[in-house]
Amino acid sequence: MKFSQYKYERSSYEDIKDKFIKLVDKINKSTNYEDQKNYILQLNEIRNDIQSNSTIASIRYSIDTSDEYYEEEKKYWDEYMPLYEDLNCEFYKAIVNSQFKDEIINDFSKQFYNICEDSIKSFSKDIIEDLQEENRLCSQYTKLLASAKIEYKGETHNLSSLMKYMMDKDIETRIESTKLYYSYFEENEDKFDSLFDKLVSVRDKMAKKLGYKSFTELGYIRMNRSDYNEENIKKLRAEVQDYIVPLCNKLYERQAKRIGIDDFWFAHESIEFKNGNATIKGGEEYEKYIIENGKKMYSELSKETAEFFEYMIQNELMDLVTRKSKAAGGYCTHIPNYNSPFIFSNFNNTSEDIDVLTHEAGHAFQLYMSKDIPMYEINFPTLDSCEIHSMSMEFITYPWMELFFKEDTLKYKFYHMSSAIKFIPYGVIVDEFQHRIYENPTMSKDERKQIFRELEKKYLPHRDYRDIDILEKGCYWFKQGHIFKNPFYYIDYVLAQVCAFQFLQKSNENFEQAWQDYINICKVGGTKSFLEIVNIGNLNSPFEDKTIKNIGENINNLLVNIKDSEL
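So the sequence shown is numbered by my numbering: it starts at 1416 and just counts up by one.
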């Protein structure tokens, strides 16, 4: 069945509440596990209906944020999802209080049981109105980002479509488009400030109501982090500063020489090669070219990926190209009732379109390989593990990049590897920024910006914003949706990138074994914790001594062995 044929129906809270509570009561009163499991599975059908309808509404709204019908549906879910969370919390309590704990763990996993415990710790009826407000503010942020209409070169652009000019080989085009892009954030500075100020306030209020010292503690619980803590992350950030930042400084110096610019500043960071970045050779039938070659790539990679990608195409489970009023960014989500992943992205005619295709396909393939897991809480693993699948797929598909880039293939691989290692310092900036913000939630808007700019100077000491005042002021983070909508998510990308680099190394040494390790971590879905999945994949933990140092050295060796003259 095609996604356009998926049935959407606004769930009736009052009708569902009555059925839900009755089944929770039956779970609580069960005297044998067979009956209890039967009631759990019956209730799960109702939970899947709720999750599926809310997800379909969210997808269709993000495809077109000007669609008035789905905008209203999104508002409904923003308001009612916390009420459904209240019902779910009763279900989680029934699971945690069950006399059949061992049987539940055996059937649904220890990780599911742990998530139930965390969900109870992160919710109470007292915060329902606050959760509703948080949802409304996040939707306003999505709408604000999607509302950009920027005139350039005779066309009206959104933020995504303007980005290809920011990577143009012509210096003036790069500078003009970069300034235009960030002018949108300058024009709307007060709106971004106000939204974030309200989000910090409401999150701090929720944390205090639940008895936590700050939102940081609650944020970690909401992320279901069970096998590492704030101190582990702090140590990781220090290692990034010691081992990755110096490497990135050298890469930026090399980049400046390679593109022949002595006066290297922010507008030039996005161009890696004097004659232009690698381009996808799709011509006018760009999307068709990518899909057809994506199909060839995944059909040759493995039997499993061949079946998966064909399923995605036949059921139209990908919306890829940027359009007017389309929400910014890219994501993969899951629709339980149809047991289907869905990929959303904004192709903008740059090499990063292939990154998105492989990245989001990594998420979707993991879902496809673990689709028989009944509980939606563990269809995906926790986000730190999720990103291993996506980021590793970007590297695993390297042998097929010639399909897309032809003579630019080496340029693409160099750009992709160097961008991946350069990302890590930025990733820890976002993480440390959030820790400092939520530890001191009453700081002023200007103080927040000052902190972000200080962190940029710490982890990205090369960065020069020149006369782009909004960035020099410390507002680069306005564009980072995770900071607004998914607090404390971003370090997950850093952890996963460290693991993905190991998959790159493994695939260079023994591709078949690397692929088997990858398949193994996909099959377990979300039934294991982050460090358990790291172990299943035969990877070194990012928290182990020397892991960060070794990763930096390995990637540096790969990049050093590619001569600029070859590019």
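Each residue gets a CB set at the ideal place from its N, CA and C atoms; glycine is no exception.
### Task
Please report how far the alpha carbon of Glu1722 lies from the alpha carbon of Phe1795, in whole angstroms.
The straight-line gap from Cα to Cα measures roughly 20 Å.
### Per DSSP, cross-strand counterpart(s) of Ile1750
Ser1755
### Task
Give the DSSP-derived three-state secondary structure of His1897 in the structure shown.
Helix, per DSSP.
#### Entry: Whole-angstrom distance between Thr1942 and Ile1839, CA atom to CA atom
27 Å
### Task
Leaving out five residues on either side along the sequence, give the residues of the same chain with a beta carbon under 6 Å from the beta carbon of Lys1579.
So the qualifying residues of the chain are Asn1763, Asn1764, Thr1765.
### Query
Looking at the structure shown, is Thr1407 part of a helix, part of a strand, or coil, going by DSSP?
It is not possible to answer for residue 1407, since the shown part of the chain is limited to 1416 through 1982.
### Query
Quick one: complete alpha helix (DSSP H) runs, 4+ long, within the segment 1518-1582?
1525-1536, 1543-1561, 1574-1581
### Message
Beta-carbon within less than 8 Å of Lys1826's beta-carbon, same chain only, minus the 5 sequence neighbours each way: which residues are those?
### Response
Glu1687, Phe1688, Asn1692, Ala1693, Phe1820, Leu1982
### Task
Could you tell me which uninterrupted alpha helix (DSSP H) segments, each at least 4 residues in length, are contained entirely in the segment 1838-1925, listed from first to last along the chain?
1860-1874, 1884-1887, 1896-1900, 1906-1924
### Task
Inspect the beta-carbon positions of Ala1682 and Thr1593 and report whether they are closer than 8 Å.
It is a contact, given that the beta carbons lie within the stated cut-off.
### Task
Can you check DSSP and say which residues form a bridge with Asp1612?
DSSP, once it has assigned bridges, lists no residue as partnering Asp1612.
### Task
Measure the alpha-carbon distance for Asn1443 versus Lys1508 and round it to whole angstroms.
9 Å
### Query
Between which two residues does the alpha helix (DSSP H) harbouring Val1655 extend?
Val1655 -> no alpha helix (DSSP H), and no H or E assigned at all.
### Query
Near Tyr1567, which residues of its chain fall below 7 Å by C-beta distance, leaving aside the five closest residues on each side in sequence?
Leu1577, Tyr1580, Ser1592, Leu1595
### Task
Spatial neighbours of Lys1703 within its chain, please: CB distance less than 8 Å, with the 5 preceding and 5 following residues excluded, ordered by chain position.
Here the set comprises Gly1697.
### Message
Could you give the first and the last residue of the continuous alpha helix (DSSP H) run that contains Leu1595?
### Response
First-last of the alpha helix (DSSP H) with Leu1595: 1586-1602.
### Query
Between Leu1954 and Gln1928, which are expected to be in contact by the criterion C-beta below 8 Å, what is the C-beta distance as a whole number of angstroms?
The Cβ separation is near 13 Å, so there is no contact.
### Query
Does DSSP classify Asn1761 as helix, strand or coil?
strand
### Proximity below 8 Å, CB of Tyr1428 to CB of Tyr1495
yes
### Query
Considering only the beta carbon of each residue, do Thr1470 and Ala1561 sit closer than 8 Å?
no
### Query
DSSP state of Leu1666, grouped into three classes?
helix
### Message
For a quick check, are the C-beta atoms of His1774 and Met1808 less than 8 Å apart?
### Response
With a cutoff of 8 Å on beta-carbon distance, His1774 and Met1808 are scored as near each other.
### Query
Span of the beta strand (DSSP E) holding Leu1735?
1733-1736
### Message
Considering Cα atoms alone, identify which of Ile1636, Tyr1556, Arg1652, Arg1640 is closest to Asp1400.
### Response
This structure cannot speak to residue 1400, because the chain is shown only from 1416 to 1982.
### Selected residue, minimal CA-CA separation from Lys1888, among Arg1868, Tyr1904, Tyr1874
When each option's Cα is compared against that of Lys1888, the closest is Arg1868.
### Query
Is the beta carbon of Ile1758 less than 8 Å from the beta carbon of Ala1915?
Contact: no.
### Query
What's the gap between the Cα of Tyr1635 and the Cα of Asp1501?
20 Å
### Message
For Arg1425, count the other beta carbons within 10 Å of its own beta carbon; 16 or more makes it buried, fewer makes it exposed. Which is it?
### Response
By the 10 Å Cβ count, Arg1425 comes out exposed.
#### Entry: Cβ pair Asn1573, Thr1824 closer than 8 Å
In this structure, Thr1824 does not lie closer than 8 Å to Asn1573 by Cβ.
### Task
Tell me, to the nearest whole angstrom, how far the beta carbon of Gly1952 is from that of Ile1936; I am working on the premise that it is less than 8 Å.
Going by Cβ atoms, the distance from Gly1952 to Ile1936 rounds to 4 Å, so yes, they are a contact pair.
### Query
Whose C-alpha, out of Gln1912, Val1771, Tyr1933, Arg1881, is nearest the C-alpha of Ile1590?
Arg1881
### Message
Quick check: does the Cβ of Leu1982 come within less than 7 Å of any heavy atom belonging to the ligand COA?
### Response
Among the components of this structure there are no ligands whatsoever, and the ligand COA is therefore not found.
### Task
Give the DSSP-derived three-state secondary structure of Thr1824 in the structure shown.
helix
### Query
With Lys1860 and Asp1517 assumed to form a contact (beta carbons below 8 Å), what rounded beta-carbon distance in angstroms separates them?
Contact flag wrong, Cβ pair sits at about 51 Å.
### Cutoff 6 Å; reference Gln1547; Cβ partners in own chain excluding five residues on either side
Glu1494, Pro1497
### Task
Report the residue from Ile1844, Gln1895, Ser1833 whose alpha carbon sits nearest the alpha carbon of Glu1871.
Ile1844
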